[in-house]
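Asker:
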Amino acid sequence: MAVRPGYFAKEAFSNIKRNVLMFTAAILAVSISLLLVGSVFMLVRVVRNITFQFRNDVQINVFIRDEANSKRPRVETMYQQIDDMPEVSRIDYVSKKMAYEEFVDLFANQPAFIEAIDEETLPASFRVSLHDTDDLELVSNRIEKIADVDEVKNALESVEKVSSVLRVLSLGVLSAAGILVVAAAVLISNTIRLAIFARRREIAIMKLVGATNWFIRWPFILEGLAQGVFGAGVAVLLLAGLKRFAIDLVEEMVPFVPLGISDGWMFLTFAAVLFTGSIVAVLGTVFSLRKYLEV
Amino acid sequence: MIRLENVTKVYEQNSVVALDRICIDIGKGEFVFLVGPSGSGKSSLLKILTRELVPSQGRIWVAGKELGTLSNWKVPYLRRNIGSIFQDFKLLSDKTVLENVAFALEVIGRSKSAIMQQVPQILELVGLKEKALHYPEQLSGGEQQRVSIARAFVNRPLILLADEPTGNLDPATSAGIMSLLDRINRTGTTVLMATHDKDIVNRMQRRVIELEPGGRLVRDEAHGVYQY
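Respectively, the protein sequence lines represent chains U and A. Take the first sequence: its letter number 183 is residue 164 in the working numbering, and every next letter is one higher. Take the second sequence: its letter number 226 is residue 291 in the working numbering, and every next letter is one higher.
The structure is reproduced here in structure tokens:
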């Protein structure tokens, strides 16, 4: 049988015209749910990047007792002991003066903070980097036992706290996305049901004169698919906006937070959004076709 | 052309027997009346022929195909060999006469040029060429039935099934419809018509098959008249 894409498109369009409001509502539902799906994609990427980058950058800060710091040989002994550990890749000495300068840099716009301290307030320290971040706890414990060490700190805990918060957040967004995706499928299914109802007499005659089942189904499938694809299109635009105006802006303002969403990843996100949109549309449509269109 | 062997139809929901071991053989080009009171299974029999209903038992051949072994996707192709008309015409009110008839060809994938050629021909045959652009509600009952006959016959089916086609029409209009069906029958089309209309059956003197309530075949006469 001759395939008639033009005919099917025309019929689908007349279905849509008959019920513009439902059609629009379904598109909105699809786009909002897919916006969340896309956000999850981006969020997952951010979590991965932040965790990965910070974990690799995590250093051990070894603060030196003030009375030891003034005795150069004691500091050199500490340095040697830490440097001898096989896990250590790099060790830097941060003097009181350097610590103060860093502090001044960091809080340049909060003069009250700076006034409260002077060059002597902050302790001197070693910054220790490791070959493998997994050894962090082990090495920290070992360093704590060295004489003249005041305190050992590493930022791992706070990094993990941040990434676990982000992880919970993406899980939350994912569940919301899941619920909305189902709602979108139901809305699409409902518009198709209405379209089938509006055309029940035509459908009866089509069956009577021997139209094939696929010939009857196609306009409805196109209508459902249009909702999924238009919805996905809107979601893609919103996500592109989110990337441009939120993510890029954050990266400009806080350059040391590597959100790291590349164009390639955005492309993947768009593809996932379009794919999910089509699947949702097809599922919603097929549900109604099976239930209400007995061919 | 149509052959039923021991066809039984029992509606499962209420165990009503609609057809009881019916055997009928209708040859090509025959004109057959199917008579009997309401509830004798006439409509069920017509629906079984188009596979809108599946019999509980028995074998059926329509236009050379055995329906029991026909897969679902082939049913539309079976129906293209069968035209159907009804008491209530089943026309689409938002389409013109021309569009109603063309619709039947469009949805089975006929080309525009074939449609443009066949539809005016068939409208001429049923005598509605002048009213091609009217909507169904602008037509009389008889004219509407002519449109429905045009739609059923435009694809030149082998068989025409008519379920009480004159049920809503006055005697004069009915006569016009019958002469149209008679003309269609003369082109070699097999016509099977379920009816209550005594006058029509008696005047036409064609083969009469009578069913009684409970779906039993009680009479099959070559040149019958209507009787209870």
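For glycine and all other residues, C-beta sits at the position ideal for the given N, C-alpha and C. Since we're looking at a predicted model, the values are computed, not measured.
#1: Going straight from the alpha carbon of U/I13 to that of A/D159, what length do you get?
#2: Nearest CA to the CA of A/L198: which residue from A/V212, A/E277 and A/G207?
#3: Taking the alpha-carbon positions, what's the U/F178 to A/P120 distance?
#4: How big is the Cα-Cα spacing for U/A105 and U/A252?
#5: From this set, U/F248, U/S70, U/V25 and U/D47, which residue's C-alpha is nearest U/N37's C-alpha?
#6: Could you pull the DSSP bridge partners for U/S110 from this structure?
#7: Using only CA atoms, which one of U/P54, U/L274 and U/I228 lies nearest to U/A128?
#8: Under 8 Å between the Cβ atoms of A/L143 and A/R116?
#9: Using a Cβ-Cβ cut-off of less than 8 Å, list which residues of the stretch 164 to 184 of chain U approach chain A; keep chain order.
#10: What residues of chain A sit near U/G191, judged by a beta carbon separation below 7 Å?
#11: Measure how close the beta-carbons of A/G206 and A/N165 come, nearest whole angstrom, since I'm counting them as under 8 Å.
#12: So which residues of chain A does U/Y(-12) contact, with C-beta pairs closer than 8 Å?
#13: Is A/G232 helix, strand or coil by DSSP?
#14: Would you call the stretch 258 to 268 of chain U in contact with the stretch 200 to 209 of chain U, where contact means no fewer than 3 C-beta pairs closer than 8 Å?
#15: Along the beta strand (DSSP E) that carries A/G101, what are the first and last residues, could you check?
#16: To be precise: take each residue of the stretch 195 to 206 of chain U, compare its Cβ to all Cβ atoms of chain A, and keep it if any distance is under 7 Å. Which residues remain?
#17: Contact check, A/L69 vs A/I87 under 8 Å by CB: the rounded distance?
#18: Which residue spans inside the stretch 108 to 143 of chain A form an unbroken beta strand (DSSP E) run of at least 3?
#19: What residues in its chain sit with their C-beta under 7 Å from that of U/A136, if we drop five residues either side in the sequence?
#20: Using a C-beta cutoff of 8 Å, does U/I(-3) count as contacting chain A?
#21: Following the continuous alpha helix (DSSP H) through A/R281, name the residue where it begins and the one where it ends.
#22: CB U/G191 to CB A/R281, shorter than 8 Å?
#23: Buried or exposed: which applies to A/Y76, given that a residue is buried once 16 or more other Cβ atoms fall within 10 Å of its Cβ?
#24: Under the DSSP definition of a beta bridge, which residues are partnered with A/S149?
#25: Can you give the beta carbon distance from U/V215 to U/I8, rounded, assuming they're within the 8 Å contact cut?
#26: Thinking C-alpha only, which one of U/Y81, U/I169, U/G159 and U/S76 is nearest U/V267?
#27: Sorted by chain position, which residues of the same chain lie with C-beta nearer than 6 Å to A/H288's C-beta, five sequence neighbours on each side aside?
#28: According to DSSP, which residues form a beta bridge with A/A272?
#29: Determine the direct distance from the alpha carbon of A/Y200 to that of A/L226, and round the result to whole angstroms.
#30: Do U/M187 and A/V172 have their CB atoms nearer than 8 Å?
#31: Might you give, ordered along the chain, the residues of its own chain that have their beta carbon closer than 6 Å to the beta carbon of A/V283, omitting 5 neighbours on each side?
#32: Interface residues of chain A around U/R(-15) at Cβ under 7 Å?
#33: Fully enclosed by the stretch 135 to 219 of chain U, which alpha helix (DSSP H) runs are 4 residues long or longer?
#34: If you measure from the beta carbon of A/S149 to each beta carbon in chain U, is any gap under 8 Å?
Answerer: Here's the rundown:
#1: Residue 13 of chain U sits at position 32 when you count from the first residue of the first sequence. Residue 159 of chain A sits at position 94 when you count from the first residue of the second sequence. Distance between the alpha carbons of U/I13 and A/D159 is about 37 Å.
#2: Taking the first residue of the second sequence as 1, we reach residue 198 of chain A at position 133. The shortest C-alpha to C-alpha distance from A/L198 to any of A/V212, A/E277 and A/G207 is the one to A/V212.
#3: Here the question's residue 178 of chain U lines up with position 197 in the first sequence. Here the question's residue 120 of chain A lines up with position 55 in the second sequence. Spanning the two alpha carbons is a distance of roughly 28 Å.
#4: Counted from its first residue, the first sequence places residue 105 of chain U at position 124. Counted from its first residue, the first sequence places residue 252 of chain U at position 271. C-alpha separation (whole angstroms): 52 Å.
#5: Stepping through the first sequence from its first residue, residue 37 of chain U is reached at position 56. U/N37 has its Cα closest to that of U/S70, out of U/F248, U/S70, U/V25 and U/D47.
#6: Here residue 110 of chain U corresponds to residue number 129 of the first sequence, with the count starting at 1. According to DSSP, U/S110 bridges with U/R71.
#7: Here residue 128 of chain U refers to the residue found at position 147 of the first sequence. Here the closest residue by C-alpha is U/P54.
#8: Taking the first residue of the second sequence as position 1, residue 143 of chain A is located at position 78. Taking the first residue of the second sequence as position 1, residue 116 of chain A is located at position 51. For the 8 Å CB-CB criterion, A/L143 and A/R116 form a contact.
#9: Only those residues of the stretch 164 to 184 of chain U whose C-beta falls short of 8 Å from the nearest C-beta of chain A are listed: R182 and E183.
#10: For the purposes of this step, residue 191 of chain U is taken as the residue at position 210 of the first sequence. Listed along the chain, the chain A residues whose CB falls inside 7 Å of the CB of U/G191 are P141, Y142, R144, R145 and I173.
#11: Taking the first residue of the second sequence as position 1, residue 206 of chain A is located at position 141. Taking the first residue of the second sequence as position 1, residue 165 of chain A is located at position 100. That belief does not hold up - the Cβ atoms of A/G206 and A/N165 are roughly 15 Å apart, past 8 Å.
#12: Taking the first sequence and counting its residues from 1, the one referred to as residue -12 of chain U is at position 7. The contacting residues are E171.
#13: Position 167 of the second sequence, counting from 1, holds the residue named residue 232 of chain A. Assignment of A/G232 by DSSP, reduced to helix, strand and coil, places it in the coil class.
#14: Contact between the stretch 258 to 268 of chain U and the stretch 200 to 209 of chain U is present, because at least three Cβ pairs lie under 8 Å.
#15: Position 36 of the second sequence holds residue 101 of chain A. From DSSP, A/G101 is part of no beta strand (DSSP E); its letter is neither H nor E.
#16: Within the stretch 195 to 206 of chain U, the qualifying residues are F196.
#17: Position 4 of the second sequence, counting from 1, holds the residue named residue 69 of chain A. Position 22 of the second sequence, counting from 1, holds the residue named residue 87 of chain A. That belief holds up - the Cβ atoms of A/L69 and A/I87 are roughly 5 Å apart, short of 8 Å.
#18: Listed in chain order, they are 122 to 127.
#19: Looking up residue 136 of chain U in the first sequence gives position 155. In the same chain as U/A136, and ignoring 5 residues on each side of it, the C-beta atoms closer than 7 Å to its own belong to V39, in chain order.
#20: In the first sequence, counting from the first residue as 1, residue -3 of chain U sits at position 16. With a threshold of 8 Å between beta carbons, U/I(-3) makes no contact with chain A.
#21: To locate residue 281 of chain A, count along the second sequence from 1; it is residue 216. Unbroken run through A/R281 is the beta strand (DSSP E), R281 to E286; no alpha helix (DSSP H).
#22: Taking the first sequence and counting its residues from 1, the one referred to as residue 191 of chain U is at position 210. Taking the second sequence and counting its residues from 1, the one referred to as residue 281 of chain A is at position 216. Not a contact, by the Cβ cut-off of 8 Å.
#23: Within the second sequence, the letter at position 11 stands for residue 76 of chain A. Burial check for A/Y76: the Cβ neighbour count within 10 Å stays below 16, so the residue is exposed.
#24: Here residue 149 of chain A refers to the residue found at position 84 when the second sequence is read from its first residue. According to DSSP, which records beta bridges pairwise, A/S149 is partnered with A/L226.
#25: Taking the first sequence and counting its residues from 1, the one referred to as residue 215 of chain U is at position 234. Taking the first sequence and counting its residues from 1, the one referred to as residue 8 of chain U is at position 27. Contact between U/V215 and U/I8 holds: CB atoms are separated by about 7 Å, below the 8 Å threshold.
#26: Counting from one through the first sequence, the residue named residue 267 of chain U turns up at place 286. It is U/I169.
#27: Position 223 of the second sequence, counting from 1, holds the residue named residue 288 of chain A. The beta carbon of A/H288 lies closer than 6 Å to those of Q270 in the same chain, with the five residues before and after it left out.
#28: Here residue 272 of chain A is taken as the residue at index 207 of the second sequence, counted from 1. Just to set this straight, residue 272 of chain A is Arg in the shown sequence, not Ala. In the DSSP assignment, A/R272 forms a beta bridge with A/V97.
#29: Numbered from 1 along the second sequence, position 161 holds the residue referred to as residue 226 of chain A. Numbered from 1 along the second sequence, position 135 holds the residue referred to as residue 200 of chain A. Computed Cα separation, rounded: 24 Å.
#30: Locating residue 187 of chain U in the first sequence gives position 206, where the first residue counts as 1. Locating residue 172 of chain A in the second sequence gives position 107, where the first residue counts as 1. Against a cut-off of 8 Å, the Cβ pair of A/V172 and U/M187 comes out as a contact.
#31: Numbered from 1 along the second sequence, position 218 holds the residue referred to as residue 283 of chain A. Excluding sequence neighbours, A/V283 sits near E275 and E277.
#32: By 1-based counting over the first sequence, the position of residue -15 of chain U is 4. G174, listed in chain order.
#33: Whole alpha helix (DSSP H) segments, 4+ residues: 137 to 179 and 181 to 190.
#34: Translated into positions along the second sequence, residue 149 of chain A becomes position 84. Yes, because at least one Cβ of chain U sits closer than 8 Å to the Cβ of A/S149.
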